[in-house]
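Novice:
In this note's numbering, the protein residues as written are 2 to 248.
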């Protein structure tokens, strides 16, 4: 077994107060310290199917990966997991016309020893929360159109929606370039991976404030994050994974 970090996981996924179905999907593989989260795109275009395929495929790839290769080339393997998920979705799109327009964000991570390794496409974020330093860091960068760089001649409706237009997703035949990263972990650090149903509703300052308050009880921290997102409207599905390094 190659892991040494002692990690506690918990997660939440809620349909929200407005949506009819939950297009988010997440999975945690406790034994391999692997987790993935996805936010399906498309509404009637089977976003919930895309997100489940994305998560299942990426976790399958990482779970089956050679331990030595994963240790030696974590960024490459995590990026490959996302590409594998993309291929899985495209294969289904080609076989069934009704799935042609489905797609998903995808963020996944692996913890080994004192290192967090992660990869993503889309705008499902990964944060590192360090209560001991009163600090929260967004480790990912949203793959969305930059409003400041949008041509003002775009139709007004498109212009207003531009920040939510993804430039990277799984389920696309366009060239996929997953971003990757690694960061060193310390005791009591909390990794938060979430869909935009949480990050759009709960400010990072509040995420940090609640983490400090519930540092010793991860389940309570998860409950208060979910409650806050729902209290702030709950217009979208709300899903997230928490992973805490035990002291």
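Positions of the beta carbon are idealized from the N, C-alpha and C atoms, including for glycine. Bear in mind the structure is a predicted one, so any value in this text is a computation, not a measurement.
#1: With C-beta atoms as the reference, is residue 113 less than 9 Å away from residue 63?
#2: Check each candidate in 40, 36 and 133 and name the one with the smallest Cα separation from residue 216.
#3: Please tell me whether residue 110 and residue 212 are closer than 9 Å, where the distance is taken between their beta carbons.
#4: Is there at least one non-hydrogen atom of the ligand ADP closer than 8 Å to the beta-carbon of residue 119?
#5: Quick check on the burial criterion: 16 or more other C-beta atoms within 10 angstroms. Buried or exposed for residue 19?
#6: Using DSSP with H/G/I as helix, E/B as strand and the rest coil, what is residue 108?
#7: Is there contact between the stretch 126-140 and the stretch 64-83, where contact requires at least three CB pairs shorter than 8 Å?
#8: Roughly how many angstroms lie between the CA atoms of residue 148 and residue 69, to the nearest whole one?
#9: Which residue spans inside the stretch 181-237 form an unbroken alpha helix (DSSP H) run of at least 4?
#10: Suppose you measure from the CA of residue 250 to the CA of residue 183; what does that come to, to the nearest Å?
#11: Work out the CA separation of residue 38 and residue 196 for me, nearest whole Å.
#12: Which stretch, first to last residue, makes up the alpha helix (DSSP H) that contains residue 63?
#13: In terms of residue numbering, what span does the beta strand (DSSP E) encompassing residue 129 cover?
#14: If contacts are defined as beta-carbon pairs under 8 Å, then residue 125 and residue 194 qualify, I think. What distance do you get, rounded to the angstrom?
#15: Residue 40 and residue 59: beta carbons closer than 9 Å?
#16: Should residue 161 be labelled buried (16 or more other beta-carbon atoms within 10 Å of its own) or exposed?
Specialist: Taking the geometry as given:
#1: Cβ distance not < 9 Å, so residue 113 and residue 63 don't count as in contact.
#2: Residue 216 has its Cα closest to that of 133, out of 40, 36 and 133.
#3: No, the pair does not count as a contact, with Cβ atoms beyond the cut-off.
#4: Inclusion of the ligand ADP in the displayed structure is not the case, the ligand content being empty and no account of it being possible.
#5: Residue 19 comes out exposed.
#6: The DSSP-derived three-state label of residue 108 is strand.
#7: Cβ pair count under 8 Å is below three, so no.
#8: Bear in mind that the predicted position of residue 148 carries a pLDDT of just 48, short of 50, making it too unreliable to give a figure here.
#9: Listed in chain order, the complete alpha helix (DSSP H) runs (minimum 4 residues) inside the stretch 181-237 are 197-200, 205-214 and 219-232.
#10: The structure shown does not extend to residue 250, since the chain is modelled only from 2 through 248, so no value can be given for it.
#11: Rounded to whole angstroms, residue 196 to residue 38 spans 7 Å at the Cα level.
#12: That run of the alpha helix (DSSP H) goes 48-65.
#13: Note, residue 129: beta strand (DSSP E), 126-131.
#14: In this structure residue 125 touches residue 194 by the C-beta definition: roughly 7 Å separates them, less than 8 Å.
#15: For residue 40 and residue 59, no; Cβs fall outside 9 Å.
#16: Summary for residue 161: the model assigns pLDDT 48, below 50, so the residue's position carries little reliability, and this model does not support an answer.
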